[in-house]
Amino acid sequence: MARERSMSQSLGSLSRQLKQLRVLMVGAGGIGCELLKNLVLSGFGEIHVVDLDTIDLSNLNRQFLFRHEHIKKSKAVVAKETASKFNPSVKIEAHHANIKDGHFNVAWFKTFNIVFNALDNLDARRHVNRMCLMADIPLIESGTTGFDGQVQVIRKGKSECYDCQPKPVQKSFPICTIRSTPSQPIHCIVWAKSYLLPEIFGVSEEADMDISENDDNIEEIKKLKEEALALKKIRESLFKDNFAKLIFEKVFKQDIDRLRSIEDMWKSRKPPEALDHDEIAQASAGIDPGVSRQDQTPWSVTQNHAVFVDSIRRLVSRYKIMQGGHTSPVITFDKDDEDTLDFVAAAANLRSSVFDIETKSKFEIKQMAGNIIPAIATTNAMTAGLCVLQAFKVLKGEYHKAKMVFLERSTARVINAEPLHPPNPSCVVCGNASSNVLIDPTRATLGHLVEDVLKQELGYSDDISVLHESAIIYDPDIEDNLSKKFTDLGLKSDSVITIIDDADEDPRVNLSLSINEQTLPEDKQPVILPDKVEVPRKPKQANGIKGPDSLNGNGEQQGEKRKRSASISTEPHSKKQASGKTDDALLVDDSAGGAIVLD
Amino acid sequence: MAPPIATTPPVLQGPSAKEKKYDRQLRLWGANGQQALESSHILLLNSGAGVVGVETLKNLVLPGTGTFTIVDEAVVCEEDLGVNFFLEQSSLGKSRGEECCRLLLELNPEVKGFHIQKTIADFVKRSDLSQYTLIILVAPVGSLDVASEVSQIAWDLRQPLIYVHSVGFYSHTSVQLPPSFPIVDTHPDPPSTQDLRLLQPWSELLAYAKTQTADLEAFSDHDHGHVPWILLLLHYLEKWKESHNGEFSVRDDKKAFREFVGSHARTDNAEGGEENYDEALTAANRALTLPTIPSDLKSLLLEEECQIPRNSSANFWLIVNAISTFIKKHSLLPLPGTVPDMKSQSKDYIALQSLYRQKSQQDISEVTSNVRALEHALNRHIPIPDAEISAFCKNAAFVKLIHGRKLIINPLKHGWNDNSITTIIEHTTTMNFVSGKPSLFPILIALYGFDSAIAAAASVRPESNNLLAAASASPGFFTLMETYIRDVFGKLDSTSEDLDEALQHTLNIAREIQRSGPGELHNISSLTGGMIAQEVIKIITKQYVPVDNCLVFDGIESASAVYRL
Ligand SMILES: [Zn+2]
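In order, the protein sequence lines correspond to chains S and L.
Under UniProt numbering, the first residue of the first sequence carries the number 1, and numbering increases by one thereafter.
Under UniProt numbering, the first residue of the second sequence carries the number 1, and numbering increases by one thereafter.
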């Protein structure tokens, strides 16, 4: 056909092969739209698109398969409709679903020749990475942020997997930096977003705050708790006319006066200056709260006051309406929700002026509070193009020619690349052994697996943990689950559990077991390994990058969420605390973190 | 996180739909950049298979470029449908420019688009190109003279021009900027943006450091380990000078000085060292340099527009003049005023921060009053906004001046601008840094050969509607490319073995080009369209530093290289 002339002349035999291929594309966002177009026009035969998301206005500056009239519709479905028009001979299947759904199991992944990740979050990326490793299918992983982009080829045994290199940890701050000694705008923004807003309109977490016994800042923590309780009391006046004033005087006057009275803190630094509500209110009386639409320049103190009062008024009236149907309504921060954004911006700036910290514009605060990652069409176009080029290498089996490719802002080269790295031998994801396990759902308990199969049959020691979707469901300290049935733990067919050998001496690599439910004869054990399973020992750690207990290179994501304990830090600027320790840290953002995570 | 139960914000309070749509890109180039983009008019002079130009426009229409015009003589044929996403079955037989324009406009209702069905030669002869903000010229134009003419017109109008090839797995993008193209908002990476004036501390900073570190030796371990490294370096610099006749030589003393600082770190504590001292040692190299006036700024100061500002001069030049006055007086740039994160106690950090901030404000006010005096002298009535002056001051060290150069359309006729033959031989034979494979420069030479072969074919059959198809069908096509390529190498006038190898490599590329149709691969054109649009946006917004001036891409190796020609 004439329309395929240049394609077939350039790709030779590969172009005939492409028509026979089944491709899975996970994510139909920025990279996804570009990728789908390129796959369609490169002649791939059958493309499956999975995306859970619906289309949002802020997608339209780059996700060109979508138009204004598509807002709120399924990305996968609309992408399929738009792209199909351009090559009638291509078959596109749209799945408006979560890739983590059980029916997208290993067997399903095995039906594809290649998988493309065009995702926007760490969690789904890790999941697809694991599935492709288990199915032994090549994966082209990609991501962008702003002008930066990267493409990584992943194939079991031939290259690093997504988790071979630890991913950056979320930035966090010590609680006392946030509550008592802020020194940067971000500290005040986190205070407004994660402390003040939830205390007034959401669920208070202060009551659950732990105090570790050996903490020398125990007194200050107690005081902070009292402060929070006092704030809760004010919440009872939510519908009173002077509510905004009560809050204002509490957090910008009384709490500040108390902090100021701790003389030790202010021996040689400028103490915070409390704000006088009545004085400011008088000055801001004539200010139109519509000033909140000016988002490019920082507001003055009086403007901040006006927005603060007005946003509280708006939030309270929403709260009232919500209360109609629910016993305790919750308003949480959303960067696209103007009321909460105005509240956070004004409150953060007022606190900044108390501590003589630079104030920020609403536009800047939106980015900092909302963890907004810039995204543009150009980077997506380049990244998607590079994905396809790498796919060609993979499909020809030329792994030695495949590369990790990076887009960089530097104009010295624009594109940078390096050869694929071999798998990290101590990677706890791709260094895994994997197999299947049969369970009888009516009888099988976790205890059957741990005692009969793992310890008896496979010879594991007592030091093991069992994980399901990165939550620990068993270790020697959590024995409660042993008597529970698989079904009660949410484990069913296609669930994958991971066995981690925590033994100090010569531990084994992790073992992934994919569950199959089956009714087994009464005389048989309720948990059976159908295939012979060999779990090799871990290679001796060369440089000790990872301990056996870190599933993904940083402690934070592993298992259940760490409890928030608190301590006053005397070194709020220490880099170590800003970048890693979790013990006394308050998470800035609890949505997906990581460096390059965009669509 | 569960979404809040009712989050539909009241419409009145919200930002406009437009702001929301562009939110993710405003994070990169701000409202000013967006404004520049929206008031621009891009001209695409399309030829060949025409995909790369249209893909570029796609990436410009999405972020809201104001207006575009496509000039394209072609009529849509079957082959177009297989590579061009902005055509559909019903487009067959219609004007390609018109169809692409229509489908591109569907992407963004805020953009205006026009199309003109004419040859480039015709269009250029009869049109006023000054109405366009930037021109994109897609090769092969079919006539090297026409391409040169476009380049000349753009050069005379001081209008940015981008010249593009996308053939098979290869692409090339050349940028022709005006002879003087200044960029204030270069968005430097944070680590390099530190001017702390440690070697020329102002009196308040010095006094503060003295009081803070007077009893350093007597500090408790905790306090000693939390002195910010800025204060440590200032303290030890004074100590050093006491024992070195009041002198510290940046060139000779740095190493000994670092050892001197390191020797004062306490090691008898629980950590066996002090993080703030480690930071001081790491930072010393970069922080202990005499602030110099960067060369880009220096050459700006020498420009006539800076030295003789006029009533009608752009704000930019008045500010440069004001900064020049500041530099003459202080031999320093205005202080940016930012302090990096460091090990310290909050109180000290805040104090340092405000010291730097105050000094920065003071410097900016001085520059501002220079500007005001100048405005007064020039009888200008609309004052330059404070924010613009302040932004310039903070970026002063990173202001970039690009000296644009004319495109090379035909090196055989016009040479390689002022590059020496040695440079060109180097480009041709040096291994590619990234791929470890042969240089990408031969791709460029092969593409010139391709242009020339097409032009030769076109001169024989000028009436052909589909130049590419006609050309590739001609049996002598490869020979035409080969002759040109051999002539280019002949002019390099060298017998080096490397060069002979490069010649064979270049001929292989030409064969690959011949084998590809020669036509466009959608994927390569799409990728290249991303690169071009990125450069267009940088140029139009005058933010970030554009490629200077020739970018070659090899889709077989996924590698790129930038040459200054
Ligand atoms: Zn791995």
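Don't be surprised by glycine CBs; every beta carbon is placed ideally from N, CA and C.
Cβ neighbour criterion (16 or more within 10 Å) applied to residue i
{"i": "S:D523", "result": "exposed"}
{"i": "L:S203", "result": "exposed"}
{"i": "L:K400", "result": "buried"}
{"i": "S:L229", "result": "exposed"}
{"i": "S:S237", "result": "exposed"}
{"i": "L:P201", "result": "buried"}
{"i": "S:A375", "result": "buried"}
{"i": "L:K394", "result": "buried"}
{"i": "S:A28", "result": "buried"}
{"i": "S:Q367", "result": "buried"}
{"i": "L:L290", "result": "exposed"}
{"i": "L:A256", "result": "exposed"}
{"i": "S:Q296", "result": "exposed"}
{"i": "L:N245", "result": "exposed"}
{"i": "S:F147", "result": "buried"}
{"i": "S:G544", "result": "For S:G544, the pLDDT reaches just 35, beneath the cut-off of 50, and the residue's location in the model is therefore unreliable, although a value from the coordinates is still provided. By the neighbour-count rule (16 or more Cβ atoms within 10 Å), S:G544 is not buried but exposed."}
{"i": "residue 622 of chain S", "result": "With chain S covering only 1 through 599, there is no way to say anything about residue 622 of chain S."}
Alpha-carbon to alpha-carbon, residue j and residue i
{"i": "L:D383", "j": "L:R372", "result": "For the sequence presented, residue 383 of chain L should be read as Pro rather than Asp. Whole-angstrom Cα-Cα distance: 7 Å."}
{"i": "L:C101", "j": "L:A455", "result": "27 Å"}
{"i": "S:K193", "j": "S:L122", "result": "23 Å"}
{"i": "S:F355", "j": "S:E364", "result": "19 Å"}
{"i": "L:V167", "j": "S:K167", "result": "38 Å"}
{"i": "S:I439", "j": "S:D51", "result": "31 Å"}
{"i": "S:R562", "j": "S:K72", "result": "Interpretation of S:R562 is limited by its pLDDT of 28, a score under 50 that renders its predicted location unreliable; the figure taken from the coordinates is listed afterwards. Approximately 35 Å, taken between the alpha carbons."}
{"i": "L:A502", "j": "L:I323", "result": "49 Å"}
{"i": "L:S452", "j": "L:L157", "result": "27 Å"}
{"i": "L:I319", "j": "S:S183", "result": "33 Å"}
{"i": "S:D494", "j": "S:E338", "result": "42 Å"}
{"i": "L:L234", "j": "L:A287", "result": "11 Å"}
Own chain partners of residue i with C-beta closer than 6 Å, once the 5 adjacent residues on each side are dropped
{"i": "S:V496", "result": "S512, S514"}
{"i": "S:K485", "result": "T445"}
{"i": "L:E557", "result": "S435, K437"}
{"i": "S:L24", "result": "H48, F112, V115"}
{"i": "L:V562", "result": "V547, L551"}
{"i": "residue 570 of chain L", "result": "Nothing about residue 570 of chain L can be read from this structure; chain L reaches only from 1 to 565."}
Chain-order list of residues whose beta-carbon lies under 7 Å from that of residue i (same chain, five-residue window excluded)
{"i": "L:K118", "result": "V71, E73"}
{"i": "L:T541", "result": "W29, G33, A36, L37"}
{"i": "L:G530", "result": "N59"}
{"i": "L:L352", "result": "P228, I230, V339"}
{"i": "S:E517", "result": "I439, P441, K492, S493"}
Residue i: contacting residues in chain S (beta-carbon distance under 7 Å)
{"i": "L:Q534", "result": "T378"}
{"i": "L:R27", "result": "Q367, I372, P374"}
{"i": "L:N59", "result": "A377, T378, A381"}
{"i": "L:F85", "result": "K37, L41, F86"}
{"i": "L:G529", "result": "A381"}
{"i": "L:H522", "result": "N38, L41, S42"}
Same chain, Cβ closer than 8 Å to residue i, five either side skipped, listed in chain order
{"i": "L:R515", "result": "G168"}
{"i": "L:Y132", "result": "H41, I42, L43, T69, Q159"}
{"i": "L:S494", "result": "I421, I425"}
Residues that residue i contacts on chain S, provided the C-beta gap is smaller than 9 Å
{"i": "L:S526", "result": "E34, K37, N38, L41, A381, M382, A384, G385, V388"}
{"i": "L:I537", "result": "I376, T378"}
Residue i: contacting residues in chain L (beta-carbon distance under 9 Å)
{"i": "S:R62", "result": "R24, Q25, N59, L62, P63"}
{"i": "S:I262", "result": "Under the 9 Å cutoff, chain L gives no residues; its nearest Cβ is about 12 Å from S:I262."}
{"i": "S:R258", "result": "Simply none; closest approach about 17 Å."}
Residues that residue i contacts on chain L, provided the C-beta gap is smaller than 7 Å
{"i": "S:D58", "result": "Sequence check: residue 58 of chain S is Ser here, not Asp. Those within 7 Å of S:S58 in chain L are K20, K21, D23, R24."}
{"i": "S:R126", "result": "Result: empty, since nearest Cβ-Cβ is about 19 Å, beyond 7 Å."}
Beta-carbon neighbours of residue i, restricted to chain L and to distances below 8 Å
{"i": "S:G146", "result": "R27, L28"}
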